[in-house]
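Engineer: Residue numbers (our numbering): 1054 to 1121.
For every residue, glycine included, the Cβ atom is placed at its ideal position computed from N, Cα and C.
As the structure is a computational prediction, the values presented were derived from the model and not from experiment.
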Amino acid sequence: MTTPVHAVPAREETIFVAPGSHQCRIYVMPYHMRPGQKPGDIAWEYQQRDWKEIGLLDSRLNCAVSSP
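(1) Quick check on this structure: which residue in 1105, 1104 and 1119 has the alpha carbon closest to the alpha carbon of residue 1111?
(2) How many whole angstroms separate the CB atoms of residue 1069 and residue 1080, which I take to be in contact at a CB cut-off of 8 angstroms?
(3) For my contact list, residue 1109 and residue 1078 are in at a C-beta cut-off of 8 angstroms; report their separation, rounded to the angstrom.
(4) Would you list, in sequence order, the uninterrupted alpha helix (DSSP H) runs of no fewer than 4 residues that lie entirely inside the region 1062 to 1120?
(5) Look at the alpha carbon of residue 1046 and the alpha carbon of residue 1073, and state the distance between them as a whole number of angstroms.
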C-alpha cells in the first residue's frame, strides 16, 4: 500500500531592500505584496512582528552581512 503524497503550497514571501544613506538593509516579509503596494503601506505593528532582517548591503551594494 502506498501513502498519498500531498503537495505543500509554495510560501509567498517578499524581499524588500530598505535604502539608507550608507547601507541598505534587506528584509523578508512572510507574505506577498500586491502590485503597486509599498512596504510603508504595511502597518508598523506587522513590520515589527513579521519582517525578518536577512542581510545588509554596503555603500557599493556589496553584500556585507547575510543570514539564512
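Structural biologist: Based on what the coordinates show:
(1) 1119
(2) 5 angstroms
(3) 6 angstroms
(4) Counting whole runs of 4 or more residues, the region 1062 to 1120 contains the alpha helix (DSSP H) stretches 1097 to 1103.
(5) Residue coverage of the chain in this structure runs from 1054 to 1121, which leaves residue 1046 outside it and unanswerable.
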